[in-house]
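Visitor: Respectively, the protein sequence lines represent chains A and B. Reading the first sequence from the start, the letters are residues 157 to 341 in my numbering. Reading the second sequence from the start, the letters are residues 157 to 341 in my numbering. Heads up, the beta-carbon is just placed ideally off N, CA and C, and yes, glycines get one too. Since this is a predicted model, take the numbers as computed values, not measurements. Handing you this structure, nothing more for now.
Protein chains: 2
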Amino acid sequence: MVRWEPDAYGRLRDAALSLFVEQGFEKTTVAQIAERAGLNRRTFFHHFADKREVVFAGQLASDDLIATEIRAQPSGTDPLHAAVAGLMLASDTLYERYREGAIQLGAVIAASPELQEREMVKRATLADAIAAALRDRGTSDAAAVVSGWAAVAMFFVARNRWNQPGNQRPLSDLIDEAHKEFLTA
Amino acid sequence: MVRWEPDAYGRLRDAALSLFVEQGFEKTTVAQIAERAGLNRRTFFHHFADKREVVFAGQLASDDLIATEIRAQPSGTDPLHAAVAGLMLASDTLYERYREGAIQLGAVIAASPELQEREMVKRATLADAIAAALRDRGTSDAAAVVSGWAAVAMFFVARNRWNQPGNQRPLSDLIDEAHKEFLTA
DNA sequence: TCGTTGATTGCACTCAGTGGCATCACCGTA
DNA sequence: TACGGTGATGCCACTGAGTGCAATCAACGA
């Protein structure tokens, strides 16, 4: 006999995201999430460090993939180009099939200062991962950090444009465009 | 007759910072801060939106000064150079006399994930202010945002080095150095 | 058969942050 | 001089996030 229904983590994540979409983040309590998932409030905090984390679940894996792509860039490439190339490659794998979900999540985050705050932390984590990959390729510390943040900025400018209603272009195109805009300014 | 001792805001800020230095941020409660300042807990929240804000009090004014300096840069200058020049000018005015305080605050922030999270928001606010100033000078949106974040990254790389024990160099030198490191990488 | 492991539960607690209302020195004005 | 408005402070009660601790009990391995 099965003691518990399987995949408590996934059920909590789904319950949370659907409630956030329905009611907004602030008006949803952890008790409601747990109830919809058929679990105890305490169990939520065994799977997620806090209520905000559930929105960004899976981010770390994306960061790893991006860093891997950057480390694989040819060794002559300058740091900013290597970072952008890595982001473009990873974005084809990670984001392209996923646009409606991303738009919905984006709206939830845009409506909540608390979630925007956490998103900034996630950007910093990504910038750090990119900087670490660049350092591994021999880039100096300052240049790696600055290139990391510049690349992250391009990525989010591009993701904004990609999320606009009516957009048809793939994310990697828009990253490339932001990069060129920066270089020629 | 004076109804209240003057400068509740300043007393709360001083009480909070001294407690954070003594005990750390997480172990200090708002009730303790209010008690040390001789005020009510509720009064704290009349002056600061939350417990984290007290650490970053005055940030907005700095952002304004930096943006003003950037807007004053000669119109031929490319965006990244204009942003860096603005940061260098403002850093001489804002930070140079203030090093010990900055080091203490830096240690408090470094010990608290909650404060690091808020610091990321403050960086984003600064990046936005820089980007807005650049847009006013005619820079395209994407280039302004990316230059803003790149400049902020240089600023914080430089501030880290400036905070190292034994450092004698002024902050603006270190910003310039980070900029050159990025450009030649 | 039996001891261990690990996911889940339940409870009690601290503390951040909020809403609403009362207080009353201070200030401008009649 | 009187008076009504303003705004900083205080008090109380409340919600909800997050934590520490101990109990439960199917599943698993020896």
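With a threshold of 16 other CB atoms inside 10 Å of the CB of B/Q179, please say whether the residue is buried or exposed.
Guide: Classification of B/Q179: exposed, given that the 10 Å Cβ count is below 16.
Visitor: Find out if the Cβ-Cβ distance for the pair B/L236, B/S303 is shorter than 8 Å.
Guide: Yes; because the gap between Cβ atoms is below 8 Å, this pair is in contact.
Visitor: Buried or exposed for B/E256, going by 16 or more other Cβ atoms inside 10 Å?
Guide: With fewer than 16 other Cβ atoms within 10 Å, it is exposed.
Visitor: Where does B/L330 land, buried or exposed, given buried means 16+ other C-beta within 10 angstroms?
Guide: That one is buried.
Visitor: Anyone know if the C-beta pair for A/R197 and A/V186 falls short of 8 Å?
Guide: Contact: yes.
Visitor: Would you mind telling me which residues of chain B sit closer than 7 Å to A/S296, beta carbon to beta carbon, in chain order?
Guide: What A/S296 touches in chain B: E337, A341.
Visitor: Strictly below 9 Å CB to CB, what residues from chain A border B/S268?
Guide: The contacting residues do not exist; B/S268 stays about 13 Å from chain A at best.
Visitor: Between the alpha carbons of A/E337 and A/E191, how many angstroms are there, rounded?
Guide: Rounded to the nearest angstrom, the two C-alpha atoms are 48 Å apart.
Visitor: So for A/G322, helix, strand or coil by DSSP?
Guide: DSSP places A/G322 in coil when its eight states are reduced to three.
Visitor: Select from B/V177, B/E161, B/A205 the residue whose C-alpha is nearest the C-alpha of B/I265.
Guide: Among B/V177, B/E161, B/A205, the Cα nearest to that of B/I265 belongs to B/V177.
Visitor: Select from B/Q260, B/G242, B/V240, B/A171 the residue whose C-alpha is nearest the C-alpha of B/P321.
Guide: The option with the nearest alpha carbon to B/P321 is B/Q260.
Visitor: Once DSSP output is grouped into helix, strand and coil, what is the label at B/Y254?
Guide: Looking at B/Y254 - three-state DSSP - the assignment turns out to be helix.
Visitor: When you compare the segment 240-255 of chain B with the segment 222-229 of chain B, are there three or more beta-carbon pairs, one atom per stretch, that lie closer than 8 Å?
Guide: The segment 240-255 of chain B is in contact with the segment 222-229 of chain B.
Visitor: Would you check if the segment 306-316 of chain A and the segment 268-282 of chain B touch, i.e. whether three or more CB-CB distances between them fall below 8 Å?
Guide: With the cut-off at 8 Å, the segment 268-282 of chain B and the segment 306-316 of chain A do not touch.
Visitor: Exposed or buried, B/T184, counting other C-beta atoms within 10 Å across all chains shown (16 or more means buried)?
Guide: With 16 or more Cβ atoms within 10 Å of its Cβ, B/T184 is classed as buried.
Visitor: Beta-carbon separation of A/I189 and A/A213 under 8 Å?
Guide: No, they are not a contact pair.
Visitor: If you run the structure through DSSP and keep just helix, strand and coil, what is B/G214?
Guide: Note: B/G214 maps to coil in three-state DSSP.
Visitor: Can you list, in chain order, the residues of its chain with a C-beta nearer than 6 Å to that of B/Y165? Leave out the 5 residues immediately preceding and following it.
Guide: The residues are H203.
Visitor: Helix, strand or coil: how does DSSP classify A/F181 here?
Guide: The answer is coil: DSSP assigns A/F181 none of H, G, I, E or B.
Visitor: Of all the residues that make up the segment 277-297 of chain A, which are near chain B by a beta-carbon distance shorter than 7 Å?
Guide: Listed in sequence order: V277, A280, T295, S296.
Visitor: Please report how far the alpha carbon of A/A334 lies from the alpha carbon of B/G242, in whole angstroms.
Guide: Distance between the alpha carbons of A/A334 and B/G242: 23 Å.
Visitor: Against A/E273, what residues of chain B qualify as contacts under a CB-to-CB distance less than 8 Å, listed in chain order?
Guide: Here the neighbours are E273, R274, M276, V277.
Visitor: Let me confirm a value: B/F181 is counted as buried when at least 16 other C-beta atoms fall within 10 Å, else exposed. Which label applies?
Guide: B/F181 should be labelled buried.
Visitor: So which residues of chain B does A/P235 contact, with C-beta pairs closer than 7 Å?
Guide: Residues of chain B passing the Cβ test: A341.
Visitor: Listed in chain order, which residues of the segment 210-238 of chain A have Cβ atoms closer than 9 Å to some Cβ of chain B?
Guide: Hits within the stretch, in order: D234, P235, L236.
Visitor: Comparing the C-beta of A/A299 with each C-beta of chain B, is any distance below 8 Å?
Guide: Chain B, which has a Cβ nearer than 8 Å to the Cβ of A/A299, makes this yes.
Visitor: Within a Cβ cutoff of 8 Å, which residues of the same chain sit near B/V211, ignoring the five residues on either side of it in sequence?
Guide: Contacts found: A172, L173, F176, F181, L261, V264, I265, L271, R274.
Visitor: Over the uninterrupted alpha helix (DSSP H) stretch that includes A/T295, give me the two end residues.
Guide: A/T295 -> no alpha helix (DSSP H), and no H or E assigned at all.
Visitor: Whose Cβ in chain B lies nearer than 9 Å to the Cβ of A/V313?
Guide: In chain order: D297, A298, V301, V302.
Visitor: Could you give the distance in angstroms between the alpha-carbon of B/V240 and the alpha-carbon of B/D332?
Guide: Rounded to whole angstroms, B/V240 to B/D332 spans 8 Å at the Cα level.
Visitor: Determine the closest residue to B/P230 out of B/L290, B/L327, B/W160, with distance taken between C-alpha atoms.
Guide: Taking only the C-alpha atoms, the option nearest B/P230 is B/L290.
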